[in-house]
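Numbering (this note's numbering), first residue to last: -4 to 322. Virtual Cβ for every residue (Gly too), placed ideally from N, Cα, C. Note that the structure is a prediction, hence the values are computed from the model and not measured. Input: a single structure, listed below in structure tokens.
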Ligand code: SAM
Ligand code: SF4
């Protein structure tokens, strides 16, 4: 029996998210403040060698089969293709989440290095609104990045759309149609209380159910079978495509969660909303053996809670925001 990263509720963890930087060239309102974000010093960020050692340990020992590179904005990390080559050598499903702004120029190199799939974040198809949400006037570049990702052969290309009530909820049908037209899978994500400004409020969440209802008025949907992935998938009944809905706030998918995270500064997190972390960087840097590191990972996962409590009064917001944790 191989060892497993298993928690007290029987959930086996095989999906690893690695934040490779906390820096970003955007300032999305739901994620980062307009200014004043303090970047972690370079010396505190895991090196590629440290990331590779940790990832290899988790793949070899715990059968981790899926790794997603994220951030901050992963493409701002220098020489990212070097890391991708190292991780691609582990034989896992290797993917990346990006804001897509430089995708047009880097897609080919990322693909050649061994990256399998990309998710590109885009929250509006309207130039002014896009600029308002991201605080950057880069819609044109992101659209070109989506086309480049498709042309380069990433399969599937997925789009992450954070839907916020009164901000962009009127665009969900436009996004579904855009996805069909471009041959990409659109995934709608509920706004989570992980913004750096602390501006999140329940009333700003446009729920997964509201998204499904809005889309169904124009494009009837059929729900597909659930997997351990956070998105509930729906097929467009006219056969033209599918969408995903990630209802992390209104209907948490915690019971099926198989995901763990490493922050850019080497802190292991057993949940996106965890309030505690395990300092793996210290172990990587103090000469600890793989067995010692593995025990720390196992202890962290063993202590994982049943699920987050966003909708309860006793919910405690994590002290770090999405860009620091690695969404
Ligand atoms: N910079 C990359 C990007 O934007 O795709 C990767 C990191 S970003 C933190 C990862 C994902 O988290 C993005 O799809 C982003 O839209 C999403 N995200 C960030 N803050 C969020 C929030 N408060 N609620 C829901 N999703 C959020
Ligand atoms: Fe940057 Fe991604 Fe956060 Fe936007 S969502 S500020 S692109 S890390």
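| Check | Outcome |
| --- | --- |
| Go to residue 204, then tell me how far its alpha helix (DSSP H) extends in each direction, as first and last residue. | 203 to 211 |
| With a floor of 4 residues, list each alpha helix (DSSP H) that falls wholly inside the region 107 to 188, ordered by position along the chain. | 122 to 129, 134 to 147 and 167 to 177 |
| Would you kindly work out how many angstroms separate the C-alpha atoms of residue 210 and residue 94, rounded to a whole number? | 24 Å |
| Measure how close the beta-carbons of residue 13 and residue 50 come, nearest whole angstrom, since I'm counting them as under 8 Å. | 7 Å |
| If we require 4 or more residues per run, which alpha helix (DSSP H) segments fall completely within the region 198 to 281? | 203 to 211 and 275 to 280 |
| Compute the Euclidean distance between the alpha carbons of residue 107 and residue 80, then round it to the nearest angstrom. | 9 Å |
| Of the residues 272, 261, 114 and 65, which one's Cα is nearest the Cα of residue 323? | Residue 323 falls outside the range modelled here, since the chain spans only -4 to 322, and no answer is possible. |
| Helix or strand or just coil, what does DSSP make of residue 58? | coil |
| So, does the region 141 to 154 touch the region 181 to 197, judging by three or more C-beta pairs under 8 Å? | yes |
| Tell me, please, whether the region 97 to 106 touches the region 35 to 45 by the rule of three or more beta-carbon pairs shorter than 8 Å. | no |
| Using the rule of at least 16 other Cβ atoms within 10 Å of the residue's Cβ for burial, across every protein chain shown, is residue 33 buried or exposed? | exposed |
| Count the CB pairs spanning the region 128 to 145 and the region 188 to 204 that are closer than 8 Å, and state whether there are at least three. | no |
| To the nearest angstrom, report how far apart residue 176 and residue 138 are at their CA atoms. | 13 Å |
| Beta-carbon within less than 6 Å of residue 117's beta-carbon, same chain only, minus the 5 sequence neighbours each way: which residues are those? | 137 and 154 |
| What is the residue span of the beta strand (DSSP E) that residue 14 lies within? | 10 to 14 |
| Could you tell me whether any non-hydrogen atom of the ligand SF4 is closer than 6 Å to the CB of residue 183? | no |
| On a Cα-Cα basis, can you pick out the residue from 214, 297, 225 and 220 that is closest to residue 234? | 214 |
| Kindly confirm or deny that the region 268 to 277 and the region 311 to 321 touch, where touching means at least three C-beta pairs closer than 8 Å. | yes |
| On the criterion of 16 or more Cβ atoms from any shown chain inside 10 Å, does residue 236 qualify as buried, or is it exposed? | buried |
| Could you spell out the range, first to last residue, of the alpha helix (DSSP H) harbouring residue 82? | 75 to 83 |
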